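Engineer: The structure is given below, and queries will be raised subsequently.
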Amino acid sequence: MEIVLSLAIGILAASGIWLLLRPRTFQVIVGLCLLSYSVNLFIFAMGRLTLAQPPIMPKGGFIDPALYADPLPQALVLTAIVISFATTALFLVVMMASRGVTGTDHVDGKESEE
Amino acid sequence: MSAHHLIVAPILIPFVAGALMLLYDDRQRKAKVAISVGSTVALLLVAAELLVGSKGNAASGGNDIGFYLLGDWAVPFGIALVIDRLSALMLLLTALLAIPTVLYASAGWHRQGKHFHSLFQFLLMGLNGAFLTGDLFNLFVFFEVLLAASYGLLLHGSGQLRIRAGLHYIAINLAASLLFLIGVSLIYGVTGTLNMAHLARIVPTLAEADLPILHTGAALLGIAFLVKAGIWPLSFWLPTAYMAGAAPVAAMFAIMTKVGVYVILRVSMLLFGPAAAASAGFGSGVLIAGGMATVAFGLLGVLASQGLGRMTANMVLISSGTVLGVVGFALAGGGPEMLGGALYYLVSSTLATGALFLLIEPMSREEGGIAAMLALTADAYGLDEAEEDEPEVGLAIPGTLTVLGLSFGACVLALAGLPPLSGFIGKIAMLAPLLAAPGFDPLLGWAFLSLLFLAGFATLIGLVRIGIQTFWATDGSVPKVLALEIAPVLGLIALLVTLTVRAEDTLRYMQATARALHEPAIYADGVFAAPRVTEGSAAP
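Protein chains in written order, with the working numbering: chain Z, 1 to 114; chain H, 1 to 540.
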């Protein structure tokens with residue numbers, strides 16, 4: 001499972017960075033989305049990988065914490081997803097404004113002269 | 001140790017004020033200005049009270065760590081707001097910069113787009129939250145609040161230049177936020193906590209094998225903040241973004257780089273201070289080198305700039321690079337004196353760059369560009385009819401230029417670090433201990449000193465050139481400047497003068513702050529001593 005997850009994070013991050021460095025705004029925003037997916041998976045992995053273990057403990061008595069998933073990274077991921085969703089939406093609006101004002105989808109607002 | 005509800009007020013006041021203003025239509029400007037100014041004045045009062053409180057008394061050794069447990073969880077588990085000398089200082093600086101900026105904006109800039117005052121209040125909320133929080137992830141949340149507000153503010157007034165600069169600014173900050181998250185999660189993976197006070201306790205006890213991961217996490221976190229602080233080579237976005245922003249926005253952005261500096265200072269002194277054993281001084285080399293490179297880059301930028309806007313943005317870089325460099329020296333064991341001087345310099349240069357950003361537009365108004373544009377946008381929006389006339393003040397013709405010129409001159413003195421204003425005192429207070437500090441190559445100290453003086457010299461050349469163009473080489477037409485526009489600038493300059501006259505008192509406060517930063521145990525013990533309101537299992 002570790003190798004699958006790390007490969008997934010790596011491929012997502014690599015594609016994200018490549019797209020982020022491209023000159024078209026659409027590529028940049030897709031790149032940012034892919035990067036944020038990989039970061040979210042990464043945060044999740046930092047709480048150690050567990051299979052089919054609940055993050056919430058039942059009430060009362062001593063419980064072996066090793067039998068439970070770490071709830072904190074899950075909460076962090078949730079927050080991070082919400083925030084990156086909102087900021088990406090904001091970025092999309094600015095992108096569209098830029099497209100409307102400059103008439104091009106190049107990130108510099110003008111086509112590069114070859 | 002103290003816990004009172006005042007600590008959460010710097011976050012709640014702008015939040016409530018900003019939300020309240022969303023309910024009003026944008027045409028109700030008088031009400032909005034009143035709420036906005038009221039909120040910032042309240043912030044100033046609260047910050048002053050917190051600052052006095054954080055001085056503590058003789059029993060607490062002059063350091064009082066205030067705290068506010070959100071949700072009343074016991075300390076390492078829940079999120080705590082922490083106020084100490086440094087946080088209180090930054091809160092006060094924010095409020096002092098915010099009041100003139102809001103007043104200036106109410107002279108006309110706030111008409112250029114929608115919801116200026118709400119966005120401004122949310123920016124303040126994010127800033128104050130970032131200064132207050134004692135938790136790394138909560139810091140991320142407040143950073144996003146302030147960034148989201150700053151995206152809106154940077155685009156305030158619209159126009160092609162702003163949209164293009166905004167696009168780059170947002171893309172860079174989104175990428176930096178992702179690095180922030182990676183850094184935070186790495187640190188959590190190693191230490192199992194995100195509470196800064198808890199981290200300060202855990203880091204010295206970490207196993208050797210875990211240190212590389214911790215350092216990687218801290219370095220990624222550092223990159224995210226250094227992007228905000230504008231360290232070279234992560235600073236190429238900064239001059240364009242600051243230049244493109246509307247005048248009051250740019251003035252408030254003067255403190256945004258300082259948020260990055262603040263977090264670097266806070267986290268590195270807590271985690272990698274002298275007590276951190278194997279990790280002590282981590283990153284100090286990068287900060288010194290990066291700080292010096294930033295100053296050099298800013299220096300060249302100042303000399304190369306044609307307009308005052310870009311020049312001032314480069315001065316922001318110089319100021320931020322200087323403080324970062326000194327933080328690096330202090331982290332490497334340079335002692336608290338120079339750090340105290342750097343804090344003084346930080347306050348002085350932030351206020352001075354803020355004042356200069358506010359001066360840009362009135363000074364260049366005679367060229368007709370922005371004044372004409374202001375009138376044009378007002379026409380386009382069709383907003384002007386319902387309003388009363390602006391409170392215009394018919395300053396006499398020589399009066400306008402004299403006031404502008406004197407204000408500009410004061411900014412030049414403060415930024416170039418010439419006596420008698422506070423920039424000079426700040427530089428002396430930083431550099432004298434640096435040269436006297438043992439354990440450094442004296443060459444490094446002298447290199448830093450000469451770089452700073454070169455930067456001051458470049459600032460002088462650049463600003464004097466602009467001053468000559470504006471004040472001596474004008475042909476006739478004198479700009480009409482409203483009293484409401486020049487009063488904030490004069491207020492900021494009065495603050496600089498106060499800072500100079502009361503230099504001994506302020507420096508004493510800064511030195512005590514720097515000493516407290518050198519002893520992370522004060523912070524950590526203070527936070528851990530925080531008692532809950534309801535003890536034990538009172539909660540259902």
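Built from N, CA and C at the ideal position, the CB exists for glycine as well. All figures in this text were calculated on a predicted structure; none of them were measured in a lab.
With DSSP as the reference, label phenylalanine 140 of chain H as helix, strand or coil.
Structural biologist: helix
Engineer: Does the Cβ-Cβ distance between proline 65 of chain Z and serine 185 of chain H come in under 9 Å?
Structural biologist: no
Engineer: In this structure, how does DSSP classify phenylalanine 297 of chain H when only helix, strand and coil are distinguished?
Structural biologist: helix
Engineer: State the beta-bridge partners of alanine 447 of chain H as determined by DSSP.
Structural biologist: Paired residues: none, contrary to the question.
Engineer: Does alanine 280 of chain H come out as helix, strand or coil in the three-state DSSP assignment?
Structural biologist: coil
Engineer: Is it true that the segment 414-432 of chain H meets the segment 340-354 of chain H, where meeting means three or more beta-carbon pairs spaced less than 8 Å apart?
Structural biologist: Cβ pair count under 8 Å is three or more, so yes.
Engineer: In whole angstroms, give me the CA-to-CA distance for alanine 516 of chain H and leucine 45 of chain H.
Structural biologist: Leucine 45 of chain H has its alpha-carbon roughly 24 Å from the corresponding atom of alanine 516 of chain H.
Engineer: Could you compute how far the alpha carbon of glutamate 361 of chain H sits from the alpha carbon of alanine 247 of chain H?
Structural biologist: If you draw a straight line from the Cα of glutamate 361 of chain H to the Cα of alanine 247 of chain H, it comes to about 7 Å.
Engineer: Could you tell me whether any Cβ in chain Z is nearer than 9 Å to the Cβ of phenylalanine 120 of chain H?
Structural biologist: Closer than 9 Å: no.
Engineer: Any chance the segment 17-35 of chain Z sits against the segment 48-64 of chain Z, with 3 or more Cβ pairs inside 8 Å?
Structural biologist: no
Engineer: So which residues on chain H does glycine 109 of chain Z lean against when the C-beta distance must stay under 7 Å?
Structural biologist: Gln160, Arg164
Engineer: According to DSSP, leucine 69 of chain H sits in a beta bridge with which residue or residues?
Structural biologist: H:Ala80
Engineer: For the segment 71-100 of chain Z, which residues have a CB atom closer than 8 Å to at least one CB atom of chain H, in sequence order?
Structural biologist: Leu72, Pro73, Leu76, Thr79, Ala80, Ile83, Ser84, Ala86, Thr87, Thr88, Leu90, Phe91, Val94, Met95, Ala97, Ser98
Engineer: Between leucine 496 of chain H and leucine 418 of chain H, which are expected to be in contact by the criterion C-beta below 8 Å, what is the C-beta distance as a whole number of angstroms?
Structural biologist: Contact flag wrong, Cβ pair sits at about 12 Å.
Engineer: Helix, strand or coil: how does DSSP classify asparagine 63 of chain H here?
Structural biologist: coil
Engineer: How should phenylalanine 91 of chain Z be labelled, buried or exposed, when 16 other C-beta atoms within 10 angstroms of its C-beta is the threshold for buried?
Structural biologist: buried
Engineer: Which partner residues of threonine 94 of chain H appear in the DSSP bridge assignment?
Structural biologist: Note: threonine 94 of chain H sits in no beta bridge, so no partner.
Engineer: At a Cβ cut of 7 Å, what residues of the segment 125-146 of chain H count as close to chain Z, listed as they run along the chain?
Structural biologist: For the segment 125-146 of chain H, the residues whose beta carbon sits under 7 Å from a beta carbon of chain Z are, in order, Phe137, Val141, Glu144.
Engineer: Looking at the C-beta of valine 28 of chain Z, does it have a partner C-beta in chain H at a distance below 9 Å?
Structural biologist: At least one chain H Cβ lies under 9 Å of valine 28 of chain Z.
Engineer: Would you report the Cα separation of isoleucine 99 of chain H and aspartate 441 of chain H, rounded to the nearest angstrom?
Structural biologist: Distance between the alpha carbons of isoleucine 99 of chain H and aspartate 441 of chain H is about 43 Å.
Engineer: Where glutamine 511 of chain H and glycine 335 of chain H are concerned, what is the direct C-alpha to C-alpha distance, given to the nearest angstrom?
Structural biologist: 10 Å
Engineer: With 16 other CB atoms within 10 Å as the buried threshold, where does glutamate 485 of chain H fall?
Structural biologist: It is buried - the Cβ of glutamate 485 of chain H has at least 16 other Cβ atoms within 10 Å.
Engineer: Does the beta carbon of leucine 214 of chain H sit closer than 9 Å to a beta carbon anywhere in chain Z?
Structural biologist: Residue contact check for leucine 214 of chain H against chain Z: no CB pair falls below 9 Å.
Engineer: Nearest chain Z C-beta to tyrosine 188 of chain H closer than 9 Å, yes or no?
Structural biologist: yes
Engineer: Which first and last residues belong to the alpha helix (DSSP H) in which glycine 166 of chain H is found?
Structural biologist: Per DSSP, glycine 166 of chain H belongs to the alpha helix (DSSP H) from 160-191.
Engineer: Given that serine 150 of chain H touches chain Z, what residues does it touch there, using C-beta distances under 8 Å?
Structural biologist: Going along chain Z, no residue has its Cβ under 8 Å from serine 150 of chain H, so there is no contact; the nearest lies around 11 Å.
Engineer: For the segment 313-374 of chain H, list the alpha helix (DSSP H) runs that are entirely contained and at least 4 residues long, ordered along the chain.
Structural biologist: Fully enclosed alpha helix (DSSP H) runs of no fewer than 4 residues occupy 336-363 of the segment 313-374 of chain H, in order along the chain.
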